[in-house]
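Peer 1: My questions all concern the structure below.
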Amino acid sequence: MLAEKLSVTHQLSEELSKISGKASFMPSSEIGKALQYLEEHGIPNNKQEEYKYCNTEAIIRKEFKSLNGKEIPASKDLKNRYYVGGAYNLYLVNGRFLEQQSEIPAKTMITSIEEVPGAELQKHLSAYAKSDGDAFAALNTAYADRGLFIKIEAGALIEKAIIVHHVYTTKDSFFFNARNLFVIEKNAQVRITEAFYPATGKNFLNNLTEVFTGEHAQVNHCQVQNAGNSFYGVDTLAVSQNRCSNYSHSVFTFSGALVRNNVAVALNEEFSECHLNGLTLSKNQQVVDHHTLVDHQKPNCQSNELYKGVADGRSMLTFNGQIFVEKDAQKTNAYQSSKNILLSDDATVNAKPELEIYANDVKCSHGTSTGKVDENALFYLKARGIGEESARKLLLHAFAHEVIGKVADHDTAAFVEILFENSLN
Amino acid sequence: MLSVKNLQAEINGKKILNGINLEVKAGEVHAIMGPNGSGKSTLSAVLAGREDYDVTGGEVLFNGKDLLELAPEDRAREGLFLAFQYPVEIPGVSNVNFLRTALNEIRTYRGQPAIEAKEFLALIKEKQQLVELDAKLTGRSVNEGFSGGEKKRNEIFQMAVLNPKLAILDETDSGLDIDALRIVANGVNKLKSKDNATIVITHYQRLLDYIVPDFVHILYKGKIVRSGGKELAFELEEKGYDEIKKKYDIAEV
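Protein chains in written order, with this note's numbering: chain C, 114 to 538; chain L, 64 to 316.
Below is the structure:
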């Protein structure tokens with residue numbers, strides 16, 4: 114088995130070496146660790162517990178055997194197609210930052226990751242996502258050749274939201290390794306929304322973002338995943354929170370043939386707070402797999418997690434939520450809830466909460482439910498004259514609203530509402 | 064308006080309604096009384112179109128249309144309203160949005176244009192006062208966190224906004240204190256006209272002190288065993304259901 118996995122891994126590594134070479138901005142020691150991990154473990158398939166419902170090896174073997182794709186230059190009028198008034202609009206085409214067209218706020222440093230001075234990177238790069246803990250993190254560490262760097266300077270209050278427009282223009286099979294780093298220094302406040310738009314070609318995006326929140330920093334981070342049905346992706350998010358910081362993350366998933374999200378937040382210092390939200394609407398043959406990990410390392414921190422999903426067609430939706438409360442993390446409050454609705458008999462939902470608690474003075478809870486649309490509520494609406502279809506939609510909107518309502522940025526919430534509405538049709 | 068002939072229904076193979084006959088004309092108020100398990104709630108559920116029940120015989124005409132052929136939403140659009148015994152909580156759907164959607168779907172069905180926002184708000188305001196419903200509640204999610212009394216008042220509020228031809232109040236008095244009962248009954252009385260009709264389903268005579276019926280029917284074991292005027296309710300109050308039970312249980316043997 115391992116031999117077969119390794120042959121897939123070797124082949125992918127070879128192709129990536131040809132296309133992008135080794136990551137230029139990455140310390141060679143990290144690249145070394147990453148390559149060693151890949152050599153020992155290979156790309157995971159469904160025999161690995163962590164990838165049980167998400168056979169990435171098979172996908173790469175079948176769909177990305179040879180990477181013959183080409184990047185097509187994006188049209189110059191991105192602003193006409195993707196633009197949010199009253200926000201800072203940033204553009205990335207195939208993971209590469211277009212500085213010329215982007216609007217960069219004061220008191221920030223926003224640039225392409227390859228152009229960041231080494232001193233800025235050194236402190237944070239590969240500090241939060243281990244180069245040798247997961248195959249996709251390892252692949253990314255070894256071969257990333259593009260990505261976005263955002264630094265919000267200490268004390269900066271960015272009043273307008275930063276909207277990152279991710280546009281993909283490719284032909285045939287393409288495999289990207291994009292590496293991003295967001296550093297929010299102490300006392301800074303920012304809202305960052307990343308929108309992933311439908312891709313033209315067949316893409317595998319191995320996207321990895323490290324986020325550091327400094328003391329008292331407040332960050333609202335949204336990811337809207339709607340990259341279309343020829344899109345495959347593993348999105349890794351590794352967050353490290355300093356003292357008294359507040360980090361909220363919401364991920365909305367509407368399309369993608371395979372979407373795997375690894376979200377890991379480390380509460381490294383006392384009095385921090387993190388909120389993780391998710392809303393997924395999966396259909397057809399889609400596979401969507403959310404893995405989250407909240408690591409309470411220090412006392413007096415709070416985490417709150419709400420993941421909701423609607424599964425239709427023959428889609429498979431997975432939520433695996435880990436919470437660690439380490440021995441030192443007394444007075445932890447950690448909550449997790451996952452709720453799902455099945456719209457078809459052929460859809461599958463896998464929900465697995467995993468709590469490991471080593472401290473003795475904590476409040477933790479988790480709950481998960483999966484079922485059909487509430488028949489009593491449906492009848493109540495119908496008995497008032499509302500037709501079957503409108504009644505179902507009303508209930509699904511209400512279900513989704515609990516998550517959408519947590520988004521701090523109104524434009525993002527409105528955008529997500531529209532995508533949800535369209536995906537229901 | 065409503066003509067029920069020999070209606071029979073069952074749930075999970077268990078027969079609940081054993082041939083109901085009932086005629087309701089415009090302008091009338093009918094009370095259906097009966098002990099627990101007599102089929103009162105089943106009758107209202109079958110008329111409103113709940114799919115858990117199987118109609119095994121009989122017919123129901125509503126303003127000349129075959130009611131049993133219609134989907135629940137079309138029954139409502141034709142002017143039937145059921146005030147639920149247990150109103151459902153729907154988190155995330157605001158009362159106002161819910162009512163506007165319902166009203167507009169009913170209007171579309173009748174070939175009328177959607178209601179203007181201003182007109183709708185005026186309507187809401189007016190009907191809110193009728194049942195003394197706190198304005199804050201109308202902005203909240205449907206029935207979420209409402210007290211028992213607030214839920215029942217919300218039912219009558221919805222009824223006032225949707226203005227049905229036939230309203231069926233299913234045990235609307237259950238769980239209400241005397242003040243709430245008076246408010247609910249007062250709302251129902253104010254909505255009464257010569258063009259609409261009301262069926263009040265209740266276990267107790269108490270509600271009928273406030274909503275005075277033209278006819279009282281006693282339901283027992285899925286059949287209407289006695290019908291009469293409002294004095295029948297007083298008789299029941301005095302003697303209880305035991306006499307009825309004895310009489311019809313013997314008749315069965």
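We put the CB at the ideal spot given by N, CA and C, even for glycine. Computed from a prediction, not measured in an experiment: that's the story for all the values here.
1. Using a Cβ cut-off of 9 Å, which residues of the region 511-527 of chain C contact any Cβ in chain L, in chain order?
2. What are the boundary residues of the beta strand (DSSP E) that includes C:Arg292?
3. Below 8 Å on the Cβ atoms is my guess for C:Leu119 versus C:Gly155; work out the distance and round it to an integer in Å.
4. Please confirm whether L:Pro154 has its beta-carbon closer than 8 Å to some beta-carbon of chain C.
5. Along the beta strand (DSSP E) that carries L:Asp233, what are the first and last residues, could you check?
6. Exposed or buried, L:Val275, counting other C-beta atoms within 10 Å across all chains shown (16 or more means buried)?
7. Taking the continuous beta strand (DSSP E) assigned at C:Tyr345, which residues delimit it?
8. By the DSSP assignment, the alpha helix (DSSP H) with C:Ala232 in it spans what residues?
9. Tell me, please, whether the CB atom of C:Arg497 is closer than 8 Å to any CB atom in chain L?
10. Are the C-beta of L:Glu168 and some C-beta of chain C separated by less than 8 Å?
11. Find out if the Cβ-Cβ distance for the pair C:Ser133, C:Asp247 is shorter than 8 Å.
12. Closer than 8 Å is the cut-off here; do at least three beta carbon pairs connect the region 400-412 of chain C with the region 370-379 of chain C?
13. Within 8 Å of any Cβ in chain L, is that where the Cβ of C:Ser503 sits?
14. Does DSSP put L:Ser120 in a helix, a strand or coil?
15. Below 7 Å CB to CB, which residues in the same chain sit around L:Gly155 once its five sequence neighbours on both sides are set aside?
16. So with CB distances below 9 Å, who are the chain C contacts of L:Arg113?
17. Please decide whether C:Asn489 counts as near chain L, where near means a Cβ-Cβ distance under 8 Å.
18. Three-state secondary structure (DSSP) at C:Asn158?
19. Hey, is the region 127-144 of chain L in contact with the region 106-118 of chain L, meaning 3+ C-beta pairs nearer than 8 Å?
20. How about C:Gly480: is its C-beta nearer than 8 Å to some C-beta of chain L?
21. Helix, strand or coil, according to DSSP, for L:Phe209 in the structure here?
22. How many angstroms separate the CA atom of C:His409 from the CA atom of C:Ser482?
23. Do the region 174-190 of chain C and the region 240-254 of chain C touch if we need at least three Cβ pairs shorter than 8 Å?
24. Ordered along the chain, which non-local residues of its own chain (more than five positions away) have a Cβ less than 6 Å from that of C:Val443?
25. Per the contact definition of three or more C-beta pairs closer than 8 Å, is the region 66-83 of chain L in contact with the region 382-396 of chain C?
26. Taking all protein chains shown into account, do 16 or more other C-beta atoms lie within 10 angstroms of the C-beta of C:Tyr196, making it buried, or fewer, making it exposed?
27. Cβ-heavy atom distance between C:Asp487 and the ligand FAD below 7 Å?
28. Counting only the same chain and skipping the five closest in sequence on each side, list residues whose C-beta sits under 8 Å from that of L:Thr119.
29. Take L:Ala230 and list the residues in its own chain whose beta-carbon comes closer than 6 Å to its own, dropping the five residues that flank it on each side.
30. With a CB to CB cut of under 8 Å and the five nearest residues on each side skipped, what residues in its chain are close to L:Ser317?
31. Starting from C:Gly500, find everything on chain L with Cβ-Cβ shorter than 7 Å and list it in chain order.
32. Mind the definition here: the region 522-534 of chain C touches the region 158-177 of chain L only if three or more C-beta pairs lie below 8 Å; say whether that holds.
33. For a contact meaning CB atoms closer than 8 Å, what does L:Arg140 contact in chain C?
34. Can a CB atom of chain C be found closer than 8 Å to the CB of L:Ala223?
35. Go ahead and pull the three-state DSSP assignment for L:Thr135.
36. Give the DSSP bridge partners of C:Tyr448, in chain order.
Peer 2: Walking through what the data contain:
1. Identification of residues in the region 511-527 of chain C having a C-beta nearer than 9 Å to some C-beta of chain L yields Ala511, Phe512, Ala513, His514, Glu515 and Gly518, given in sequence order.
2. Taken as a continuous stretch (DSSP letters only), the beta strand (DSSP E) holding C:Arg292 covers Ser286 to Ile297.
3. Contact flag correct, Cβ pair sits at about 5 Å.
4. Yes, L:Pro154 lies at the interface with chain C (some Cβ there is under 8 Å from its Cβ).
5. Counting along the chain, the beta strand (DSSP E) containing L:Asp233 begins and ends at Leu229 to Asp233.
6. By the neighbour-count rule (16 or more Cβ atoms within 10 Å), L:Val275 is not buried but exposed.
7. Looking at the DSSP string, the run of the beta strand (DSSP E) that includes C:Tyr345 is Phe344 to Gln354.
8. Segment Gly231 to Gln235, the alpha helix (DSSP H) holding C:Ala232.
9. Yes, C:Arg497 counts as interfacial toward chain L.
10. At a cut-off of 8 Å between beta carbons, L:Glu168 contacts chain C.
11. Result no, Cβ atoms of C:Ser133 and C:Asp247 do not sit closer than 8 Å.
12. Enough Cβ pairs lie closer than 8 Å, so yes.
13. Using beta-carbon distances, C:Ser503 counts as an interface residue toward chain L, with a partner under 8 Å.
14. In the sequence as displayed, the identity of residue 120 of chain L is Gly instead of Ser. L:Gly120: strand per DSSP, three-state reduction.
15. Close CB contacts of L:Gly155 within its chain, under the 7 Å cut and outside five residues either way in sequence, are with Ser204 (chain order).
16. Correct list: Phe492 and Ala496.
17. At least one chain L Cβ lies under 8 Å of C:Asn489.
18. Coil.
19. Yes: at least three Cβ pairs fall under 8 Å.
20. So, not an interface residue.
21. In the structure shown, L:Phe209 sits in coil (DSSP, three-state: anything other than H, G, I, E or B).
22. C:Ser482 has its alpha-carbon roughly 25 Å from the corresponding atom of C:His409.
23. Taking one beta carbon from each stretch, the region 174-190 of chain C and the region 240-254 of chain C have fewer than 3 pairs nearer than 8 Å; the two do not touch.
24. In the sequence on display, residue 443 of chain C carries Gln and not Val. These residues qualify, in order along the chain: Pro412, Ala472 and Asp474.
25. Under the Cβ criterion (8 Å, minimum of three pairs), the region 382-396 of chain C does not count as touching the region 66-83 of chain L.
26. Exposed: under 16 other Cβ atoms inside 10 Å.
27. What this structure holds is no ligand at all, so the ligand FAD is not there to describe.
28. Only Gln71, Ala72, Glu73 and Lys78 meet the Cβ criterion.
29. Closer than 6 Å at the Cβ level, and outside the excluded window around L:Ala230, lie Phe144, Met222 and Thr261.
30. Nothing can be reported for residue 317 of chain L: it is not among the residues displayed for chain L, which extend from 64 to 316.
31. Simply Glu136 and Glu168.
32. Note that the region 522-534 of chain C does not touch the region 158-177 of chain L; fewer than 3 beta-carbon pairs, one per stretch, sit closer than 8 Å.
33. In chain order: Gly498.
34. L:Ala223 does not count as touching chain C.
35. Contrary to the premise, residue 135 of chain L reads as Pro rather than Thr in this sequence. Annotated three-state conformation of L:Pro135 is helix, per DSSP.
36. Looking at the DSSP assignment, C:Tyr448 forms a beta bridge with C:Asn417 and C:Ser478.
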